[in-house]
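Following: one structure in structure tokens, then a few remarks.
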Amino acid sequence: MTAAKRRVPFAEAARVLLRDTLLDATRDLLRDHEWADLKMADIASTAGVSRQTLYKEFGSRQAFAQAYILREADEFLTAVENALVPHREDPRQAIRAAVEVFLTAAAEEPLIKAIVAGDNSDGLLALVTNQAGPVLHSATDRLAAFLTGQWPHADAGALVVAAKYLVRLAISHAASPDGTPAETAATMSVVLGPYLDQVVGAR
């Protein structure tokens, strides 16, 4: 017999659908509009709900932006993890592949472009650069947990350090690129690769 599938309460499922619909609408609108010019009423209308429904769910424009960035960051991290796995035996190549995937995705994300361009009217920059910001904190924790899962024999504390600096350097380069994603990824693998080699015992 198979395990019984968990029943998701209607209210919970409806809320997830509402949030996803609003965030998807934002992604569509950002293809043709700057974040600074995008009104919450436009997002609500595109999603097919009222402006009041949007604010009831998220509370404020900044909270909505935070939810959007966190969801995009989650997708970025999934891509990063998928890039790391094939190179488990070669940490330097793992870093290179992961960073290139992240920087390429970040360069194509409209809201990240808005932050880089200086649109900080909603406090957007702090969401991705402030040490106490939700993106930096959650990304570091998730990457550290993933690295520990990939290299369970390695020192967990050292992998947390690796995750911390990988995330911070990647975000810094996304915010202020000084080369192509491939070039930056290659440089970061040279700088951080020896440390990760030592931590995981690569030969």
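Heads up: the sequence shown begins at 7 in my numbering, then just goes up one per residue.
Just so it is clear, CB atoms sit at the ideal spot from N, CA and C, and this is done for glycine as well.
query                                                                                                    : result
Leucine 109 and alanine 180 closer than 8 Å at C-beta                                                    : yes
As assigned by DSSP and simplified to three states, the class of histidine 159                           : coil
Span separating the alpha-carbon of aspartate 26 from that of alanine 89                                 : 25 Å
Rounded separation between alanine 112 and glutamine 99 - CA only                                        : 20 Å
Neighbour-count burial assignment, serine 182, 16 or more Cβ in a 10 Å radius                            : exposed
Pairwise C-alpha distance: aspartate 80 and alanine 192                                                  : 23 Å
Coarse secondary structure for leucine 83, derived from DSSP in three states                             : helix
Touching by the beta-carbon criterion (3+ pairs, under 8 Å), the stretch 187-207 and the stretch 152-170 : yes
Short Cβ contact (8 Å threshold) for leucine 165 with proline 97                                         : no
Contact under 8 Å by Cβ, isoleucine 101 with leucine 172                                                 : yes
Integer Cβ distance of phenylalanine 152 from glutamate 87, believed to fall under 8 Å                   : 5 Å
Beta-carbon gap between valine 141 and leucine 76 smaller than 8 Å                                       : yes
Whole-Å CB distance - glutamate 106 paired with proline 187, under 8 Å assumed                           : 5 Å
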